[in-house]
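A.B. asks:
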Amino acid sequence: MPSNEPHITPHAAPAAPQSERIPDPCIVVIFGASGDLTKRKLLPALYHLEQGGLLPERITIVGVARRPLEESFAEDMRDGIIAGGGVDVEDPKLAPFVGKIQYHAMNFDDAAGYDALNRKLAAIDQANGTCGNRLFYLATAPEYFSDIINFLGEHNMAKPPVETQPDGCKTWVRVIIEKPFGHDLDSARALNDEVNKVFDEDQIFRIDHYLGKETVQNILVFRFANGIFENVWNRNYIDHVEITAAESIGIEGRGPFYETAGALRDVVQNHVMELLSFVAMEPPVSFEASAVRAEKVKVWKAINPIHPADAVRGQYGPGLVDKKPVVGYRQEDRVHPRSQTETYVALRLEVENWRWAGVPFYIRAGKRLARRVTEITIQFKQPPLLLFKEGKGPLGIHPNVISMRIQPDEGISLRFGAKVPGPNMEISPVTMDFSYAEAFGKSSANGYERLLLDAMLGDGTLFAHRDGVETTWGLITPLLQAWAKDPVKDFPNYPAGTWGPPAGDALLESEGRKWRKL
Ligand code: BG6
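Here it is in structure tokens:
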């Protein structure tokens, strides 16, 4: 029977052979280790690397936070690793790995704590042969970033304690800084200045975990390693681009953070802008960090200033998510009862360059939407359809669409029109699908694996650079300022569990378009 949805089954491909690159022995020091990120993402990611044989034998992980967790920390991380998935409790590598986890309690603004930490790291170098190499990970609340950076500088911890490792190679100290990197252009610049006083740019790794996702890196492979897409990847053939980063979760107890962030700062300035740059950039001359960054920055710099009329804010009220009642944003813990923070944002952007001028990029991101889905949709222009005017068929003739599903159900699909079998020239939309899970097997990687490994190897290609961070803040800061002066009167304006406020749909409808149904 002919199927409406022809399916391309990729040849059963084995998972790609793992990288041969093993980092130098080192200590990974995580500041803010009692927080959720360390347990839910960082330790599971480090363990996935260990499972893949990608970590050095001589590695120690030191969690740093205020609370006295010396007794429980390593075991707690073990639970996190197991909960992260893809790990058997009996896995023989697990206990030795947990044995490499240590803890150090200190206040981030206490000079004596850094002295003690420094002594501890030196003792670990002696005992475990970690050679003076350090990867500091700032996973604290952002208000501590500059204190930690400055204290590391003042305590001579930003430079390796010895110049060379026993094998003669140079020792290194690097720092990963979590997002949010600043809260507007001025604060991002100020933070960059502070960090650059203490660390050289090649020691700094500003992380955006979206860049660690396979599906995000695959955008570049899809575009540049295949001959058939790049020729049509421009304003002559593309009608518009949609980027949706929808979450069904709310703010998960992070009221104080989210109140100062909102969807534009939390997700659009970083994750969505990264996705947009991968979709829109010119091919870099190589995958070297500087070549990729240069192309990304060109895209962001070509974006026209965002007019407030092209931006929609939303905030969720009470509603149903997965058929269960949930509270509205203003009723969440530690959220102001008349909060003006947006939990949804939709924007219309234009990238004013030779490839893209005139092609609208519609972006939306939000919490408590109908489902969790991050997807990029490339909708192509309709060809002249006179030939088929009699044969539209019940489903009509739809434009071609390439949709890249970043998560979940990772994959790519191409929609095209096919002749419905029968005596008439009827056309129906059908899709060709590529699914990561079917082609390569299921993966429990969370995006942090690749980035942690790259930072240990000193490869900054998938990290944000000073220029990039300031350019994306530069794009959204005028909008943040305009919004701050113009409070919204109709918040909450969408019930939890829906696709956002009607104005988000109207943004496309006013131009005769519609968000793709996800
Ligand atoms: C984080 C945001 O950067 O990304 C969170 O702070 C958001 O609010 C998260 O939930 C989304 O990440 P992912 O990988 O689940 O899409």
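Start counting at 1 in the sequence shown, then tack on 62, and there's your number in the numbering used here. Beta carbons: idealized from backbone N, C-alpha and C, even for Gly.
#1: Within 10 Å of its beta-carbon, does M494 have 16 or more other beta-carbons around it, so buried, or fewer, so exposed?
#2: When you compare the CB positions of E437 and S465, do they come within less than 8 Å of one another, or not?
#3: What does a CB cutoff of less than 6 Å around N296 pick up in its chain, not counting 5 residues either side in sequence?
#4: Could you check whether I84 and P118 sit closer than 8 Å to each other, using their CB atoms as the reference points?
#5: Any chance the CB of V329 is under 7 Å from a heavy atom of the ligand BG6?
#6: By Cβ distance, which residues of its chain are closer than 6 Å to F496, with the 5 residues on each side in sequence left out?
#7: Any chance the CB of T436 is under 7 Å from a heavy atom of the ligand BG6?
#8: Going along the chain, which residues of its own chain have a beta-carbon closer than 6 Å to the beta-carbon of F286, five neighbours each way excluded?
#9: Flag this pair as touching only if the stretch 318-331 and the stretch 349-367 have three or more C-beta atom pairs under 8 Å; answer yes or no.
#10: What's the gap between the Cα of D270 and the Cα of M335?
#11: Using 10 angstroms around the beta-carbon of V383, count the other beta-carbons present and answer buried if the total reaches 16, otherwise exposed.
#12: Which residue's Cα is closest to the Cα of V257: I210, K360, R467 and Q188?
#13: Does DSSP put S506 in a helix, in a strand, or in coil?
#14: Distance check for P563 and E133, CA to CA, integer angstroms please.
#15: Using a Cβ-Cβ cutoff of less than 6 Å, which residues in the same chain neighbour Q441 once the five nearest sequence positions on both sides are dropped?
#16: By the DSSP assignment, the alpha helix (DSSP H) with G324 in it spans what residues?
#17: Of all the options S352, L338, D171 and K103, which has the alpha carbon lying nearest to the alpha carbon of E412?
#18: If I measure Cβ to Cβ from Q469 and keep anything under 6 Å in the same chain, skipping five residues before and after, which residues do I get?
#19: Excluding five sequence neighbours on each side, which residues of the same chain lie with their C-beta closer than 6 Å to the C-beta of R128?
#20: Starting from the C-beta of A75, find all residues in its chain whose C-beta is less than 8 Å away, skip the five residues before and the five after it, and write them out in chain order.
#21: Does the Cβ of A517 have 16 or more other Cβ atoms within 10 Å, making it buried, or fewer, making it exposed?
#22: Hey, quick one: how far does the alpha helix (DSSP H) through Q113 stretch, first residue to last?
#23: Does the beta-carbon distance from D153 to L542 come in below 8 Å?
#24: According to DSSP, is Y498 part of a helix, a strand, or is it coil?
#25: So what does S331 bridge to, in DSSP terms?
#26: Let me check understanding here. Comparing Cα to Cα, which of A95, A250 and L273 lies closest to M139?
#27: Write down the C-beta distance between E309 and R434 rounded to the nearest angstrom, noting that I regard them as a contact closer than 8 Å.
#28: Does DSSP classify F593 as helix, strand or coil?
#29: Taking 8 Å as the threshold (C-beta atoms), are L200 and E240 in contact?
#30: Taking its Cβ as the centre, do 16 or more other Cβ atoms sit within 10 Å of I311, making it buried, or is it exposed?
#31: Would DSSP call N66 helix, strand or coil?
#32: Please determine whether the Cβ atom of F101 lies at a distance below 7 Å from any heavy atom of the ligand BG6.
#33: Please tell me whether P554 and Q377 are closer than 8 Å, where the distance is taken between their beta carbons.
#34: Compare the C-alpha of G520 against each of F213, P158, G559 and F267 and name the closest.
#35: Find the nearest neighbour of K481 within the set T226, F450 and G509, judged by alpha-carbon distance.
#36: Tell me where the beta strand (DSSP E) around M466 begins and ends.
C.D. replies: According to the data block:
#1: exposed
#2: yes
#3: Excluding residues within five positions, the ones whose Cβ falls inside 6 Å are R417.
#4: yes
#5: yes
#6: G473 and I474
#7: yes
#8: P345
#9: no
#10: Cα to Cα, the separation comes out at about 11 Å.
#11: buried
#12: I210
#13: S506 falls in the coil class under three-state DSSP.
#14: 48 Å
#15: Around Q441: D301, H302, P461 and V463.
#16: G317 to A325
#17: L338
#18: T436
#19: N169
#20: Caution applies to A75, whose pLDDT of 44 falls short of 50 and renders its modelled position unreliable; the value that the coordinates give is listed next. Same-chain partners within the cutoff: A501 and F502.
#21: Per the 10 Å Cβ criterion, buried.
#22: L105 to Q113
#23: no
#24: helix
#25: Correcting the residue type first, residue 331 is Gln in the shown sequence and not Ser. Q331 is not bridged to any residue.
#26: A95
#27: The pair is a contact, with the Cβ atoms about 5 Å apart (cut-off 8 Å).
#28: Lying before the first or after the last residue shown, residue 593 is absent from the chain, which here runs from 63 to 580.
#29: yes
#30: exposed
#31: Bear in mind that the predicted position of N66 carries a pLDDT of just 48, short of 50, making it too unreliable to give a figure here.
#32: The sequence given here places Lys at residue 101; Phe does not occur at that position. It does not: the Cβ of K101 is nowhere closer than 7 Å to a heavy atom of the ligand BG6.
#33: yes
#34: F267
#35: F450
#36: V463 to Q469
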